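These notes are about the structure you will find just below.
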Amino acid sequence: MSRRALGAWAVSGGTALAAGLPLAPAALAQTPPPEPTRLVSAGETLRPEIVGDFGIVAAGRHYAVAAGTQMLMAGGNATDAGVAAVFAAAVTEISHFGFGGEAPTIIYDSGARKISVINGQGTAPALATPDRFASLGIIPGNGPMGGTIPAMVDAMARALQLNGTMTLDQVMQPAIKLADGFVMYNFLAEVFASQQKATAKYKTAYDTYYPDGALPRVGDIFRQPNLARTMRTIAAADKAAFARTKDRNAAIQAGRDAFYKGEIARTIGAAMEADGGLMRYADLAAYQGKVEAPLTTDVFGYTVCKGGFWSQGPALLIALNIAEAAGIAAMEPGGEAYLHTLAEAIKLAFDDRNAYFGDPDFARVPGKALLSKAYAAQRAKLIGGKASLDHRYGDPWAMEGGERPTPAFTPHMLKKPPVPTADTTAIEVVDRHGNLFSCTPSSGWMLGGAYIAGATGVPMSNRMTVFDLDPESPNVLAPGKRPRTTLSPSLVMKDGAPYLAIGTPGGDNQDQQIMNVLLRVLAFGQPLQAAIEAPRINSSHFHGSFAIKKDEPGVLEIEDRVPQAVRDGLAARGHKLDVLGPFGVSTGIVAAGVLPETGTLRGAADVRRERYVFGW
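Those letters in the sequence shown? Residues 395 to 1010, per the working numbering, in order.
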């Protein structure tokens, strides 16, 4: 029975029944209504889109969402909530992200009407040079040799100083309580079980995560006393400085410096040196993150904002430009032509990512040409009726003006055996003032064996492995350089007003999965939750970022909810389909934003990876 029919029944018979009146024979003859749980609305999704007018937090786990929500309820804004959620995730999502990792962030300040990128990606230690890894042929992703300088604490301090209203002491309290003990959940328990042997390589990590060799079980209270002590040291330095100066920014700086310049940093540096790592106290003491303007493109009437060429973020802008130039907005969403065009645009953009992106402090990047509409139109002409099985690198230098100032670099796969890589989380917040917070924290993960520096409880980064060792590469390893990270938060604006914060885990998948969703929302006006749950594709064509930089030309992951006829058509075009389960693409998008028509808020979370969203 439809909702309209149910209403008619209520008027004709249900109301009388509720009032205790006798029913007319005609009413008795009507079909009884179904159970309320059987009502189905148009466009129903597996989980509801969250709406409200106060604030919404979307993140990887309920613990992070709860930490952010507590800050909103205490009068904080989106940045206060986002920073609290990041710290909570560093405690409770250690399968994907730990306290010594990184946290690239994009913030929209509704008061200043300004977008800022906090790069949040640590740099290589001073001792890290290509010759250190020449005999290995790759840079390991685990252990004391795998880490860039921990950037998360610096990035969150800068976020608070830039757009927050609270102190580090305030926003860290939920995370400190979680470090004192949180209830172990199933996914993390399974990761602990699978990584016990790998973690045993590093005694401090094994003692932290498997005390007395015990395997944490679902429902156990899991405690991290060393990490709790480290966080209390940071919070106490912030609190003491605020009590002394009444200057919030100075207090945040004092808390931040307690991590990078105090005993914590000395312990990390000493542990690294003792365990054969490259990081030293001086690296931590000298580290300074950056606040930058975003890179942007205007597509389908919206402005999409990303980090710089030290990240893969601009690849999303390039791919969106190419897809728009190829006429994707006139195609049927999810249809054969649409998915073919989407896949080919991604392949072209990510090949250019590998050939041209690198830390702009060290590498010359033809960014003006790469992000131009003219370059996108040129690249879009390469999309034919068949899937390309070749790597097609563009020539942006010709459009940038002048001769190429650097040697040509051809990305390639290395010959060493692959090693396990792990993943990431994502945190998106919107508040009632229209502030947006988008952060993609990562590293310090357990897969392959976490490395914890001394008695700090801090699992260290795994991001060095993203560097290249080829001297011609714009992403070649160098001391003080940022690896071209896969971490890629996103903001979307509409006519200069806040619209959406969106992000996902997924390594090389991140921006192409965000693109899957954004196309449906921006070009076709689909509801946010429905767009997130829609069937997806994911290209493995281009060279990956980690370990051996593997490529699989023409391979396209595709969820089996894509109709068989569409899959057959894509296969006939030459795509090498890897058919996954109904929600099988390895991703977990979360998003929060503002409906421009009403000024009200909305948020959504992927059913893939058990993402979580809450607010009102």
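Note that the Cβ used here is the ideal one computed from N, Cα and C, for glycine as well. Given the structure is predicted, the values throughout are model-derived calculations rather than measurements.
Within a 10 Å sphere around the beta-carbon of P519 sit 16 or more other beta-carbons, which makes this residue buried. Counting along the chain, G462 sits inside the alpha helix (DSSP H) bounded by residues 456-467.
With 16 or more neighbouring CB atoms inside 10 Å of its own CB, R1002 falls in the buried class. The C-beta distance from M673 to G541 rounds to 6 Å, short enough to meet the 8 Å contact threshold. For secondary structure counted as the beta strand (DSSP E) over 3 or more consecutive residues, the segment 529-558 holds no complete run. With respect to the 9 Å criterion, L765 and N715 are classified as neighbours on the basis of their beta carbons.
Runs of the beta strand (DSSP E) spanning 3 or more residues and lying entirely within the segment 470-519 occur at 499-503, 508-512, in chain order. By the neighbour-count definition (other C-beta atoms within 10 Å, threshold 16), E797 is an exposed residue. Considered as a whole, the segment 663-721 harbours 675-680, 707-719 as its complete alpha helix (DSSP H) runs of no fewer than 4 residues, in chain order.
Considering only L556, G494, K780, V445, the residue with the shortest C-alpha distance to I500 is L556. Each residue's CA atom was taken as its position, placing N471 and A528 some 48 Å apart. As the crow flies, the alpha-carbon of L912 is around 23 Å from that of R826. For T800, the CB contacts under 6 Å within the same chain, skipping 5 residues up- and downstream, are R758 in chain order.
Secondary-structure assignment with DSSP links L950 through a beta bridge to S933, L971. Boundaries cannot be given for A723, as no alpha helix (DSSP H) includes it and DSSP labels it neither H nor E. With contacts defined by Cβ atoms closer than 9 Å, A998 and A452 form a contacting pair. The Cβ neighbour count for A599, taken over all protein chains shown within 10 Å, is at least 16; the residue is labelled buried. The segment 556-574 makes contact with the segment 492-509: 3 or more CB pairs, one atom from each, lie closer than 8 Å. Taking 9 Å as the cut-off, the Cβ atoms of T593 and A844 count as close.
Annotation for A645: the continuous alpha helix (DSSP H) segment containing it runs 642-654. Taking the Cα positions, K875 is about 7 Å away from D753.
A direct Cα-Cα distance of roughly 20 Å separates V685 from F481. By the Cβ rule, the segment 695-714 counts as touching the segment 881-897, because three or more pairs are nearer than 8 Å. G761 is positioned such that its CB atom lies closer than 9 Å to that of L689. Taking one beta carbon from each stretch, the segment 741-752 and the segment 785-793 have 3 or more pairs nearer than 8 Å; the two touch.
Contact between V984 and E822 holds, since their C-beta atoms are separated by about 5 Å, short of 8 Å. Taken through DSSP and simplified to helix, strand or coil, M909 comes out as helix. Excluding the 5 residues flanking it on each side, P877 has same chain C-beta neighbours closer than 6 Å at R857, V860, F861, in chain order. For S588, no beta strand (DSSP E) segment is defined; the enclosing uninterrupted segment is the alpha helix (DSSP H) at 580-588. Here the C-alpha atom of V445 lies approximately 52 Å from the C-alpha atom of A668. Judged by their CB atoms, A781 and K970 are nearer to each other than the 9 Å cut-off. According to the DSSP assignment, K888 belongs to the beta strand (DSSP E) that extends over 884-888. With contacts defined as CB atoms closer than 9 Å, A687 and I509 qualify as a contacting pair.
Taking a C-beta distance under 9 Å as the contact criterion, A986 and V960 do not qualify as a contact pair.
Here A553 is near V477, since their CB atoms are less than 9 Å apart. Between the alpha carbons of E738 and F936 lies a gap of roughly 11 Å.
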